[in-house]
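Asks:
Residue numbers (my numbering), protein chains in the order written: chain A, 59 to 311; chain B, 264 to 517.
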C-alpha cells in the first residue's frame, strides 16, 4: 500500500475576474513505504504546490490525497510527518533548542524526550555549538539545518522536504545527502522536491518530473532513462520537457 | 486545548518582543502619571480626575495594543512564512485561532495589570486606596479589550491589514456611540431604515456596556449582577468572533 497517494490532484488559482492559472493538473502518484521519491521540475512547475496540498496548507481544486490511509488534514497523519519548507523561516527570536521544544510540544512529545532528541539532532545537523544563538543570527545554511532538525523532532515515518539543500555550501549539500540516505536506511520514507538534478540522481529511488503543473513522467531513474533513451538524469529531464513542449506546440498549431 | 495553549504562549512571547507594545505602554503610563499634576483642583476633584484619566487611558491604549497584536497574529505568521511549518504540525486550524486569541489576551492582561499597578500606586500616593469598584471597572475594561482583539483577529482571517485596521478603529468608535444611535433610532419613522438600524444595533457590540467608569468615579456602586451580565455579554460576542475567525481561517489558503 502506498504511504502517500494522490488521485487526480489539481490546483487552479483564479487571478482577477477571468484569469486562471493551472498550478497542478490531474496528478496521480503513489509513494511507497521506504523509498526516497524525488519531485523534479523547473521553477513554477508545481512542485511546491504539490507539497503544500499534501500538507493541507492549500486546498485542491479537484482530486484526493491519502496519507497513511487518512486525508491530508488528519492530525493523526500529520503526527507521522516531518516537513522542511523551502527557504525555512522560523520565529527568529528563539534559539535552536527553543524552536525544537516548541514544535516538539505540538506533537505531544514529553519535554524530557524533546530535550534529549534536541541534543541529538543539534549534533546531527552540526548546530550544537550554536545552540545558544537566536535564529535571527543564523545564516541561510544554518536555517536550513535547523529546519531539517525541526522536521525530525517527532521521529517521523514520512519526511517531506522542499528544496532541502538550498542555501547550503557543497559540504553541507553532501552532508544532507548522506543524512537522507542514512534516515532512509533507518526506515523513513522521504519525499523531496528539488531542481538540483545531481542531488536527486544520487539519493532518489524513484522520481517524478513536473512541468507547468503536469506530471510528465514517473518511475525509477533507470527505467525512465531506458524509456527516453537518456544518458543521465539531466538528459532525461531535458528530453522529457522538450517532448512535452513540442507536443504542446503541435496541438496549438 | 493543550496545543492552543502552546501556540498562545508562543504568541505571548512574540508580542512581548514587539516595540509597539512598549511604546504604547510607556505613553500610557506617562498619561496616567500626568493626571496627578492636576493639583490646582480641589482634592476630591483631583482624585476624580486621576481615576477618570487612568481608566480612559487603560481602555484606550489597551484597545490599541489589542488591535495591533491581533493584526500581527495572522498576517505576521503568513508574511514571515512561519505558518507553513506550524500548519504542517498535528494541529487544527481552530487550535491556531484559539491559541492566537489566548496569546493576545495574555498580552492584554499583562498590559492592563501593569497600567493598573501604576494607577493604584498613584491612588496610594493620594492616600485613597482602591476600592472594589475600581477593580470591577478594570475587569470590565479587560473583557472589552479581549472582545476588541477577538474581532480584529476574526477579521484578520479574511481581510487585509489596512482594511482590518480601519474597520477595527471604526468599530471601536461606533461601538462606543451606539447607545446614542439607539436613542436616535427611536425617532426614525421609515420602517426600512428603522429595521436596518435595529439590526446594526443587535450585531455591533455595545462597548459602552463595559464602561462603568463614569459611575465609579463619582462614587456610584455597580451591582455584581450588572458585572456578571456584562461579562456574559462580552463572552458571547468573543465566542461569535472566534467562530467567525475559525470559519474563515478553515477556508483560507496561506
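For each residue, glycine too, the CB sits at the ideal point set by N, CA and C.
1. Residue ranges of each beta strand (DSSP E) run of no fewer than 3 residues wholly in the region 131-157 of chain A, ordered along the chain?
2. List the whole-angstrom C-beta distance separating residue 408/B from residue 437/B, where the pair is believed to meet the contact cut-off of C-beta under 8 Å.
3. Which residues in chain A sit within 7 Å of residue 353/B, going by Cβ to Cβ distance?
4. Report yes if the C-beta distance between residue 114/A and residue 105/A is below 8 Å; otherwise report no.
5. Where does residue 69/A sit, in a helix, a strand or coil, going by DSSP?
6. Just to make sure I have the definition right: I need the residues of chain A whose C-beta is within less than 7 Å of the C-beta of residue 347/B. Which are they?
7. Pull up the DSSP beta-bridge partners for residue 272/A, would you.
8. Taking 8 Å as the threshold (beta carbon to beta carbon), is residue 196/A in contact with chain B?
9. Examine chain B for any beta-carbon lying closer than 8 Å to the beta-carbon of residue 214/A, and answer yes or no.
10. Can you give, in chain order, each stretch of the alpha helix (DSSP H) that sits fully within the region 182-219 of chain A and has at least 4 residues?
11. Which chain A residues are close to residue 269/B, counting only those with a beta carbon under 9 Å from its beta carbon?
12. Return helix, strand or coil for residue 96/A, following the three-state DSSP convention.
13. Would you kindly report the start and end of the unbroken alpha helix (DSSP H) that includes residue 249/A?
14. Work out the CA separation of residue 290/A and residue 302/A for me, nearest whole Å.
15. Nearest to residue 199/A by alpha carbon, out of 212/A, 228/A, 214/A, 175/A?
16. Do residue 353/B and residue 133/A have their beta-carbon atoms positioned less than 8 Å apart in this structure?
17. Kindly list the residues whose CB is nearer than 7 Å to the CB of residue 331/B, restricted to its own chain and excluding five residues on each side of it in sequence; keep chain order.
18. Are the Cβ atoms of residue 234/A and residue 223/A separated by less than 8 Å?
19. Please determine, among 497/B, 264/B, 495/B, the residue with the shortest C-alpha to C-alpha distance to residue 163/A.
20. Considering residue 121/A, what are the terminal residues of the beta strand (DSSP E) in which it resides?
21. Can you name the residues of chain A whose CB is closer than 8 Å to the CB of residue 516/B?
22. What residues are listed by DSSP as bridge partners for residue 60/A?
23. Per DSSP, residue 77/A forms a beta bridge with which residues?
24. Out of 452/B, 432/B, 463/B, which has the shortest C-alpha to C-alpha gap to residue 444/B?
25. What residues in its chain sit with their C-beta under 7 Å from that of residue 294/A, if we drop five residues either side in the sequence?
26. Using a C-beta cutoff of 8 Å, does residue 350/B count as contacting chain A?
27. Pull up the DSSP beta-bridge partners for residue 128/A, would you.
28. Name, going along the chain, the residues of the region 270-284 of chain B whose beta-carbon falls closer than 7 Å to a beta-carbon of chain A.
29. Using beta-carbon positions only, say whether residue 147/A and residue 211/A come within less than 8 Å of one another.
30. According to a CB-to-CB cut-off of less than 8 Å, which residues of the region 355-369 of chain B neighbour chain A?
31. Using a Cβ-Cβ cutoff of less than 7 Å, which residues in the same chain neighbour residue 267/B once the five nearest sequence positions on both sides are dropped?
32. Per DSSP, what are the beta-bridge partners of residue 277/A in this structure?
33. Pick helix, strand or coil for residue 286/A, following the three-state DSSP scheme.
34. Buried or exposed: residue 220/A, going by 16 or more other Cβ atoms within 10 Å of its Cβ?
Replies: Quick answer:
1. 139-142
2. Numbered from 1 along the second chain, position 145 holds the residue referred to as residue 408/B. Numbered from 1 along the second chain, position 174 holds the residue referred to as residue 437/B. Not a contact, Cβ separation roughly 17 Å.
3. The residue you call residue 353/B lines up with position 90 of the second chain. Residues of chain A passing the Cβ test: 133, 136, 137, 164, 165.
4. Working through the first chain from its first residue, we reach residue 114/A at position 56. Working through the first chain from its first residue, we reach residue 105/A at position 47. Contact: no.
5. Reading the first chain from its first residue, position 11 is the one you call residue 69/A. Three-state DSSP puts residue 69/A in a strand.
6. As a first step, residue 347/B must be located in the second chain, where it is residue number 84. Near residue 347/B (Cβ distances below 7 Å), the residues of chain A are 115, 143.
7. Locating residue 272/A in the first chain gives position 214, counting from the first residue. Note: residue 272/A sits in a beta bridge opposite 83/A, 269/A.
8. In the first chain, residue 196/A corresponds to position 138, counting from 1. Cβ-Cβ to chain B under 8 Å: no for residue 196/A.
9. Taking the first chain and counting its residues from 1, the one referred to as residue 214/A is at position 156. No, residue 214/A does not count as interfacial toward chain B.
10. 198-210
11. Mapped onto the second chain, residue 269/B falls at position 6. By Cβ distance, chain A contributes 160, 163, 164.
12. By one-based count along the first chain, residue 96/A stands at place 38. It is a strand residue.
13. On the first chain, residue 249/A is found 191 positions in, with the first residue counted as 1. Not the alpha helix (DSSP H): residue 249/A falls in the beta strand (DSSP E), residues 247-252.
14. Counting from one through the first chain, the residue named residue 302/A turns up at place 244. Counting from one through the first chain, the residue named residue 290/A turns up at place 232. When rounded, the distance between both Cα atoms is 18 Å.
15. If you number the first chain from 1, residue 199/A lands on position 141. When each option's Cα is compared against that of residue 199/A, the closest is 228/A.
16. Taking the first chain and counting its residues from 1, the one referred to as residue 133/A is at position 75. Taking the second chain and counting its residues from 1, the one referred to as residue 353/B is at position 90. Yes, Cβ-Cβ distance for residue 133/A and residue 353/B is below 8 Å.
17. Here the question's residue 331/B lines up with position 68 in the second chain. Around residue 331/B: 283.
18. Counting from one through the first chain, the residue named residue 234/A turns up at place 176. Counting from one through the first chain, the residue named residue 223/A turns up at place 165. Yes.
19. Within the first chain, residue 163/A is the residue found at index 105, counting from 1. Measuring from the Cα of residue 163/A, the nearest candidate turns out to be 264/B.
20. To locate residue 121/A, count along the first chain from 1; it is residue 63. 120-125 is the span of the beta strand (DSSP E), which, as asked, contains residue 121/A.
21. Working through the second chain from its first residue, we reach residue 516/B at position 253. Neighbours of residue 516/B on chain A, chain order: 115, 116, 117.
22. For the purposes of this step, residue 60/A is taken as the residue at position 2 of the first chain. Residue 60/A is bridged to 90/A.
23. Locating residue 77/A in the first chain gives position 19, where the first residue counts as 1. Its beta-bridge partners are 73/A.
24. Taking the second chain and counting its residues from 1, the one referred to as residue 444/B is at position 181. Residue 444/B has its Cα closest to that of 463/B, out of 452/B, 432/B, 463/B.
25. For this step, residue 294/A is matched to residue 236 along the first chain. Once the five neighbours on either side are set aside, the close Cβ partners of residue 294/A are 282, 283, 286, 288.
26. On the second chain, residue 350/B is found 87 positions in, with the first residue counted as 1. Closer than 8 Å to some Cβ of chain A, the Cβ of residue 350/B qualifies, so yes.
27. Within the first chain, the letter at position 70 stands for residue 128/A. Beta-bridge pairing links residue 128/A to 125/A.
28. 273, 277, 280
29. On the first chain, residue 147/A is found 89 positions in, with the first residue counted as 1. On the first chain, residue 211/A is found 153 positions in, with the first residue counted as 1. Contact: no.
30. 355
31. Position 4 of the second chain holds residue 267/B. Excluding positions up to five away in sequence, the list reads 358, 361, 362, 365.
32. Here residue 277/A refers to the residue found at position 219 when the first chain is read from its first residue. According to DSSP, residue 277/A bridges with 265/A.
33. To locate residue 286/A, count along the first chain from 1; it is residue 228. Looking at residue 286/A - three-state DSSP - the assignment turns out to be coil, as it is neither helix nor strand.
34. Taking the first chain and counting its residues from 1, the one referred to as residue 220/A is at position 162. Label assigned to residue 220/A: buried.
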